[in-house]
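Following this note's numbering, the numbering of the sequence shown begins with 127 at its first residue and continues without gaps.
Glycine is no exception: its CB is placed at the ideal position from the N, C-alpha and C atoms.
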Amino acid sequence: MKPITRRTFVSCAGQCSAALATATMLGPSRLARGQSANDQVRVAILGTGGKGTQHVGNFSAVPGVKVVTVCDADRDRAAAAAKKHEALKLETETDLRRVLDRKDIDAVCIATPNHWHALATVWACEAGKDVYVEKPVAHDIWQGQQMIAAARRHDRIVQAGTQRRSDPGWKQAIQTIHSGEFGRILRVRLPFYSLRQSIGHVDAPQAPPSSVDYNLWAGPAPMSPIMRKRFHYDWHWFWETGNGELGNNGPHILDLARWAIGADALPRSIVSAGGRYVWNDNGQTPNTHVVYYDYEPAPIIIEIRNLPKQTGVRASDVMQQLRAGVIIECEGATFRGLNGGAFYDDKGERIRKVDGDNGRGHPANFIAAVRSRKRSDLNCEIAEGYLSTALCLVGNISHRVGAAASTEKLNSPDKLFSDAVDRMVQHLQANDVDVTKHPLTLGATLQIDPKAQRFINTPQAESANALLRKSCRAPFVFPETA
127 MKPITRRTFV
137 SCAGQCSAAL
147 ATATMLGPSR
157 LARGQSANDQ
167 VRVAILGTGG
177 KGTQHVGNFS
187 AVPGVKVVTV
197 CDADRDRAAA
207 AAKKHEALKL
217 ETETDLRRVL
227 DRKDIDAVCI
237 ATPNHWHALA
247 TVWACEAGKD
257 VYVEKPVAHD
267 IWQGQQMIAA
277 ARRHDRIVQA
287 GTQRRSDPGW
297 KQAIQTIHSG
307 EFGRILRVRL
317 PFYSLRQSIG
327 HVDAPQAPPS
337 SVDYNLWAGP
347 APMSPIMRKR
357 FHYDWHWFWE
367 TGNGELGNNG
377 PHILDLARWA
387 IGADALPRSI
397 VSAGGRYVWN
407 DNGQTPNTHV
417 VYYDYEPAPI
427 IIEIRNLPKQ
437 TGVRASDVMQ
447 QLRAGVIIEC
457 EGATFRGLNG
467 GAFYDDKGER
477 IRKVDGDNGR
487 GHPANFIAAV
497 RSRKRSDLNC
507 EIAEGYLSTA
517 LCLVGNISHR
527 VGAAASTEKL
537 NSPDKLFSDA
547 VDRMVQHLQA
557 NDVDVTKHPL
567 TLGATLQIDP
577 KAQRFINTPQ
587 AESANALLRK
597 SCRAPFVFPE
607 TA
């Protein structure tokens, strides 16, 4: 069977094949065409890894929703998801373009690898589908901008999967902070200390699993040689397809931090430090990483560690009793938490507990907005989700245009960043890393024009701006009008 293409395929470089005009362009979904808000909402799940398979159950549990199709470029994965939810009698598909061409599907949940998120969203909007897209919503800054433009142009409901925006506990905590009860926010710390393992080292390209259509899996990304033992999941640690730990779990906690300080734009500048240590594997992204976001009214700093607290110990470091979460330091109290949390006084005594539910109502919130046709009903509309993803993207750009630096050069006039780097060095030394032989990469200090969403006034601005948009592999390309 020849692969189905969409009529609107055009090359990011302006190249196009005449064969791309063969697909059918769909109009608005049944609901947007005036169907009753009580009608069943028919959903397709794109991507059937752990999160996508979980979303089959999440959306099926929402009243009035029927999940009809699961799609994955790995046919065995799609079949496994269908079997796990056998009672739903799910159809399976390998090419998401065929799913988008179906008139009987109202919405899609996108849980593909990261490099597919934005293009699948834009195509879905073109096809008249509403979209729930997992984090990070985009693989580069330009792609995220196209997602927002497509949602507006086609009047689509698009929700980002940073689900704690739907957590009643977090809503309560944010309301308390914004009320000023505990004074102004001083800073937000984001520890993410999560143990991971080396992905191993291979000297020669590996074959994809026989069940995978590698052309469809790669999509807009290059069909590069596969330099990893585990095909699935470990794509996270390669720049062509993933965004490292900062883009993997960073969007969740950065979104909460940005919500807390009320930031509705990128920060005025960023700086980072980190690298990939101990593992000696094929991975490209940092496993130890600090990024400082120079925001007003309060800075945000994220500290990522995938190594143990020290060599030979199977446990992570801890910051203020958290291995992963959000620490919002105010003048009169500190909030600490992730799935729920509490406010503490300056002596560490708990003032008030906040119960959370990890945002389990997020899919239902999306479906409610699909029915109402009101973007304002969404708890994390795509413009919000994109901005939190963008913080991860610019943090990674700082790292990628940075350079190895001695510990002396890592000194910063900002004490918050300098102290975090000192802790990182101590952490690496506890893991037997000699930072004189394996120095940290000091990311570029990048000034940002928040409105233009470009880097300015720094020596590395040109090379950093070059990473704001990557090319796409035809025919998996964005439409010219996006």
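Of all alpha-carbon atoms in Q573, G295, A529 and A530, the one lying nearest the alpha-carbon of V520 is that of Q573.
Secondary structure at Y403: coil, using DSSP grouped into helix, strand and coil. Beta-bridge pairing by DSSP links S498 to no other residue. Residue pairing for T414: DSSP places it in a beta bridge opposite G401 and R431. DSSP, read as helix, strand or coil, puts S324 in coil. Fewer than three Cβ pairs drawn from the segment 187–194 and the segment 499–513 lie within less than 8 Å of each other, which leaves the two stretches out of contact.
A distance below 6 Å between beta-carbons, with the five flanking residues on each side excluded, links P335 to the following residues of its chain, in chain order: F357. Of the residues G306, D471 and K261, the one whose Cα lies closest to the Cα of N369 is K261.
Annotation note: the segment 250–277 contains the following uninterrupted beta strand (DSSP E) runs of length 3 or greater, listed N- to C-terminal: 256–259.
The alpha-carbon of E212 is positioned some 15 Å away from that of N184. Judged by DSSP in its simplified three-state form, K479 adopts strand. In the DSSP annotation of this structure, the continuous segment of the alpha helix (DSSP H) that includes E510 starts and ends at I508 to R526. By the Cβ-count criterion, I582 is exposed, with fewer than 16 other Cβ atoms from all chains shown falling within 10 Å of its own Cβ. Boundaries of the beta strand (DSSP E) harbouring D575: L572 to D575, taken from the DSSP string.
Contact between the segment 286–304 and the segment 484–496 is present, with at least three C-beta pairs closer than 8 Å. The bridge partners DSSP lists for A233 are V169 and D256. At a Cβ-Cβ threshold of 8 Å, V328 and K297 do not count as neighbours. In this structure, N557 places its C-beta atom within 8 Å of the C-beta atom of V404.
Pairing I428 with V439 gives a Cβ-Cβ distance that is not under 8 Å. With contacts defined by Cβ atoms closer than 8 Å, T179 and K210 form a contacting pair. The beta carbons of V248 and F604 sit closer together than 8 Å. Under DSSP, L226 shares a beta bridge with no residue. The alpha-carbon separation between A389 and T302 amounts to approximately 17 Å. Per the coordinates, the alpha-carbon of D481 lies some 41 Å from the alpha-carbon of K229.
In summary, S398 is buried, with 16 or more beta-carbon neighbours lying within 10 Å of its beta-carbon over all protein chains present.
Taking the Cβ atoms as the reference, H280 lies roughly 16 Å from V263, outside the contact range of under 8 Å.
DSSP places F185 outside any beta strand (DSSP E); the residue lies instead in the alpha helix (DSSP H), whose first and last residues are G176 to S186.
Taking 8 Å as the upper bound for CB-CB distance, Q552 and I267 are not in contact here, some 33 Å apart. The beta carbon of Q269 sits closer than 6 Å to those of A244, all from its chain and outside the five residues before and after it, given in chain order. Under DSSP, I426 shares a beta bridge with V314 and Y419. Judged by DSSP secondary structure, T584 falls outside any alpha helix (DSSP H); it is assigned neither H nor E. Within the same chain, S337 come within 6 Å of D202 by CB-CB distance, once the 5 residues on both sides are set aside. At the C-beta level, R599 and P348 come within 8 Å of one another. In this structure, the straight-line span from the alpha carbon of I426 to that of G458 is close to 18 Å.
For G511 and A277, the gap between their C-alpha atoms comes out near 13 Å. Of all alpha-carbon atoms in H265, Q285, S597 and D221, the one lying nearest the alpha-carbon of A509 is that of Q285.
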